[in-house]
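>
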Amino acid sequence: MYGNLLKVDSNGNILLCSHGFTFLKRDKIQDYYPNNFIQRGNTDRFYILSTLFNLSETYLDGCLVDLFTRCSRYENCQKGFKHGDLFMSFRSMFQDVRDAMDYVHDTGSLKESTLRNLDKYVVRDLNLPVLLTRIKEVAKVFLATNSDYNYTEAIMKYLLETPPGAKYPQKTWRAFFDLVVVDTRKPLFFAEGTVLRQVDTNTGKLRIGTYTGDLQHGTVYSGGSSDIVCDLLDVKGKDILYVGDHIFGDILKSKKRQGWKTFLVVPELAKELQVWTEKNHLFEELKHLDIFLAELYKHLDSSCRECPDITAIQTRMKVVTYRMDLSYGQMGSLLRSGSRQTLFASQLMRYADLYSSTCINLLHYPFSYLFRAPPVLMPHESSVDNHPLDFPSPQFSVLDQIQKMAEAKRASEDNTAELKDT
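FYI, in UniProt numbering the residues of the sequence shown are 1 to 422.
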């Protein structure tokens, strides 16, 4: 409605607001949004931008808003721009950007440009074939993509197949997978899906009729659904670890509708971890300020009529939060603003069983590894003093522990025998 870009937490509280490239102050934000709050469920007014696909359109829309705001020929109105008898609303401007992005995708021009410049747009990791090979030795591997066969083949050949003359043996990209499904139309794929058909890998065309047989290795399929994938691979949803980079189309839908285990790829984590390492002292200062704030109220109850002055602490918290956000970039961290988590962070924590900057990090774990999140205390639980558990020292092996248990048992038996003798 107002053409603003908002960064919010899981409850809809506004953490940051920009109009074009101008960041608005708190009092100005309240003019637009009373109580610094929005109703996220109001999809007619708010559009959630939370995927890699949204990055380019978000920047483009910001550029347009900033351009028209600074242009003296246009009159700035609350809900758009006016030039003579012409009016252009922020809603129509954003819809034009969305339509343009859809046009680029639907016509295939974006994919054509990508295929002409694979070295520029596609990051090749030599560890990817290694990872897929190791997984395939102990489990089944499938590829499910919304792209058509021709585009998928070009990308996969670039990523997985060794160039001619390489010292490694030649291996087709399809050999890395037990099942390949293109044109999946996610998120529809995780609901009723579409008709499953076979793809002629020589022409890229679809074969006539619906495929109803068993899984054929080396065959590429088109369409289908997540239920069909489970049937072809003879697995249940809980046995699948699904790797994707789309929080809605990949992770949320596969988790809520099928109960699949999910692995969200968040490329920005590499930058997030770097800043977190370098600026962690700022977050520690925020924690200390929060503790100091709690101490001020520690010995006060409802009978107290004097309010402690916390202005200085609040001001310092804002300064530290601002410094933290600047370390990440113009919009701050993808996952937090100071000590408050963003909407994206809350969705990530709720729907992704695992998340990382790249799935290649799985190489550093045995495939029998049990991933478990550390226990998180609720506020009422954290008020109780917790003492660390007394675990056995890691310097003792399991054999040492068994030997100690055996010695204790023998000593117990000796004591029993002595009691009987008396």
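From the three backbone atoms N, C-alpha and C, an ideal C-beta is built for every residue, glycine too.
Among 84, 330, 65, 111, which one has its Cα closest to the Cα of residue 96?
Looking up residue 96 in the sequence shown gives position 96. The option with the nearest alpha carbon to residue 96 is 65.
> Once DSSP output is grouped into helix, strand and coil, what is the label at residue 105?
Residue 105 sits at position 105 when you count from the first residue of the sequence shown. Residue 105: helix per DSSP, three-state reduction.
> Within the segment 103-158, note down every full alpha helix (DSSP H) run reaching 4 residues or more, in order along the chain.
109-116, 118-121, 127-138
> By Cβ distance, which residues of its chain are closer than 7 Å to residue 211, with the 5 residues on each side in sequence left out?
In the sequence shown, residue 211 corresponds to position 211, counting from 1. So the qualifying residues of the chain are 196, 197, 198, 221.
> Could you compute how far the alpha carbon of residue 333 sits from the alpha carbon of residue 248?
Translated into the one-based positions of the sequence shown, residue 333 becomes position 333. Translated into the one-based positions of the sequence shown, residue 248 becomes position 248. Roughly 20 Å separates the two Cα atoms.
> Near residue 242, what residues of its chain come up, given a Cβ to Cβ distance below 6 Å and the 5 sequence neighbours on each side ignored?
Within the sequence shown, the letter at position 242 stands for residue 242. Excluding sequence neighbours, residue 242 sits near 254, 260, 262.
> So, are the CB atoms of residue 206 and residue 232 less than 8 Å apart?
Counted from its first residue, the sequence shown places residue 206 at position 206. Counted from its first residue, the sequence shown places residue 232 at position 232. Not in contact: residue 206 and residue 232 (Cβ atoms no closer than 8 Å).
> Name the one or two DSSP bridge partners that residue 9 has.
By one-based count along the sequence shown, residue 9 stands at place 9. Looking at the DSSP assignment, residue 9 forms a beta bridge with 342.
> Can you name the start and end residues of the beta strand (DSSP E) that residue 81 belongs to?
For the purposes of this step, residue 81 is taken as residue 81 along the sequence shown, with counting starting at 1. Residues 80-83.
> By the DSSP assignment, the alpha helix (DSSP H) with residue 289 in it spans what residues?
What you label residue 289 is simply residue 289 of the sequence shown in a count that begins at 1. Segment 280-297, the alpha helix (DSSP H) holding residue 289.
> Skipping 5 residues on each side, what residues in its chain have a beta carbon closer than 7 Å to that of residue 219?
Position 219 of the sequence shown, counted from the first residue, corresponds to residue 219. 198.
> Out of curiosity, what's the CA-to-CA distance linking residue 27 and residue 264?
Along the sequence shown, read from residue 1 onward, the residue named residue 27 stands at position 27. Along the sequence shown, read from residue 1 onward, the residue named residue 264 stands at position 264. Taking the straight line from one Cα to the other gives about 37 Å.
> Compare the C-alpha of residue 59 against each of 161, 88, 4 and name the closest.
For the purposes of this step, residue 59 is taken as residue 59 along the sequence shown, with counting starting at 1. Comparing Cα positions, the closest option is 4.
> Which partner residues of residue 18 appear in the DSSP bridge assignment?
Here residue 18 refers to the residue found at position 18 of the sequence shown. According to DSSP, residue 18 bridges with 5, 23.
> How is residue 249 classed by DSSP in three states: helix, strand or coil?
Reading the sequence shown from its first residue, position 249 is the one you call residue 249. It is helical.
> Can you tell me whether DSSP reads residue 73 as helix, strand or coil?
Residue mapping note: residue 73 aligns to position 73 of the sequence shown, counting from 1. Reduced to three states, the DSSP call for residue 73 is coil.
> I need the straight-line Cα distance from residue 173 to residue 15, nearest angstrom please.
As a first step, residue 173 is located in the sequence shown; it is residue number 173 there, counting from the start. As a first step, residue 15 is located in the sequence shown; it is residue number 15 there, counting from the start. If I take the Cα positions, the gap works out to 45 Å.
> Comparing C-alpha positions only, which one of 240, 298, 129 sits nearest to residue 158?
Mapped onto the sequence shown, residue 158 falls at position 158. Answer by Cα proximity: 129.
> Compute the Euclidean distance between the alpha carbons of residue 30 and residue 142, then round it to the nearest angstrom.
Working through the sequence shown from its first residue, we reach residue 30 at position 30. Working through the sequence shown from its first residue, we reach residue 142 at position 142. Answer to the nearest angstrom: the Cα atoms are 49 Å apart.
> Hey, how far is the Cα of residue 94 from the Cα of residue 122?
Position 94 of the sequence shown, counted from the start, is the residue given in the question as residue 94. Position 122 of the sequence shown, counted from the start, is the residue given in the question as residue 122. Cα-Cα distance, rounded: 28 Å.
> To the nearest angstrom, how far is it from the Cα of residue 50 to the Cα of residue 349?
To locate residue 50, count along the sequence shown from 1; it is residue 50. To locate residue 349, count along the sequence shown from 1; it is residue 349. Answer to the nearest angstrom: the Cα atoms are 14 Å apart.
> Within the same chain, show all residues whose beta-carbon is closer than 6 Å to that of residue 283, passing over the 5 residues directly before and after it, in chain order.
Translated into positions along the sequence shown, residue 283 becomes position 283. Answer for residue 283: no residue qualifies.
> Start and end of the beta strand (DSSP E) containing residue 356?
Locating residue 356 in the sequence shown gives position 356, counting from the first residue. The continuous beta strand (DSSP E) containing residue 356 extends over residues 354-356.
> Please check the pair residue 286 and residue 331, which I expect to be a contact at CB under 8 Å, by giving their CB distance rounded to whole angstroms.
Against the sequence shown, residue 286 aligns to sequence position 286. Against the sequence shown, residue 331 aligns to sequence position 331. Contact flag wrong, Cβ pair sits at about 19 Å.
> Can a CB atom of chain D be found closer than 8 Å to the CB of residue 137?
No chain D is part of this structure, which consists of one protein chain only.
> Under 8 Å Cβ to Cβ from residue 267, same chain only, skipping five residues before and after it: list those, please.
In the sequence shown, counting from the first residue as 1, residue 267 sits at position 267. Hits under 8 Å: 52, 245, 357, 358.
> For residue 367, I'd like the list of residues in its chain whose CB is within less than 6 Å of its CB, leaving aside the five on either flank, ordered along the chain.
Here the question's residue 367 lines up with position 367 in the sequence shown. The residues are 138.
> With DSSP as the reference, identify every bridge partner of residue 179, one or two as the case may be.
Here residue 179 corresponds to residue number 179 of the sequence shown, with the count starting at 1. Residue 179 is bridged to 142.
> Less than 8 Å between C-beta atoms, sequence neighbours within five positions excluded: which residues of the same chain meet that for residue 355?
Position 355 of the sequence shown, counted from the first residue, corresponds to residue 355. So the list reads 263, 264, 265, 266, 269, 348, once near-sequence residues are dropped.
> Going by Cα to Cα distance, which pick from 1, 11, 106 is closest to residue 345?
The residue given as residue 345 occupies position 345 in the sequence shown. That would be 11, whose Cα lies nearest to the Cα of residue 345.
> Look at the alpha carbon of residue 179 and the alpha carbon of residue 145, and state the distance between them as a whole number of angstroms.
To locate residue 179, count along the sequence shown from 1; it is residue 179. To locate residue 145, count along the sequence shown from 1; it is residue 145. When rounded, the distance between both Cα atoms is 11 Å.
> Taking just the CA atoms, how far does residue 190 sit from residue 380?
As a position in the sequence shown, residue 380 is number 380, starting the count at 1. As a position in the sequence shown, residue 190 is number 190, starting the count at 1. When rounded, the distance between both Cα atoms is 38 Å.
> Quick one, which of 309, 320, 360 has its alpha-carbon nearest residue 131's?
The residue labelled residue 131 in the question sits at position 131 within the sequence shown. Considering only alpha carbons, the answer is 360.
> Buried or exposed: where does residue 37 fall if 16 or more other Cβ atoms within 10 Å of its Cβ makes it buried?
Within the sequence shown, residue 37 is the residue found at index 37, counting from 1. An exposed status is given to residue 37, since fewer than 16 other beta-carbon atoms sit within 10 Å of its beta-carbon.
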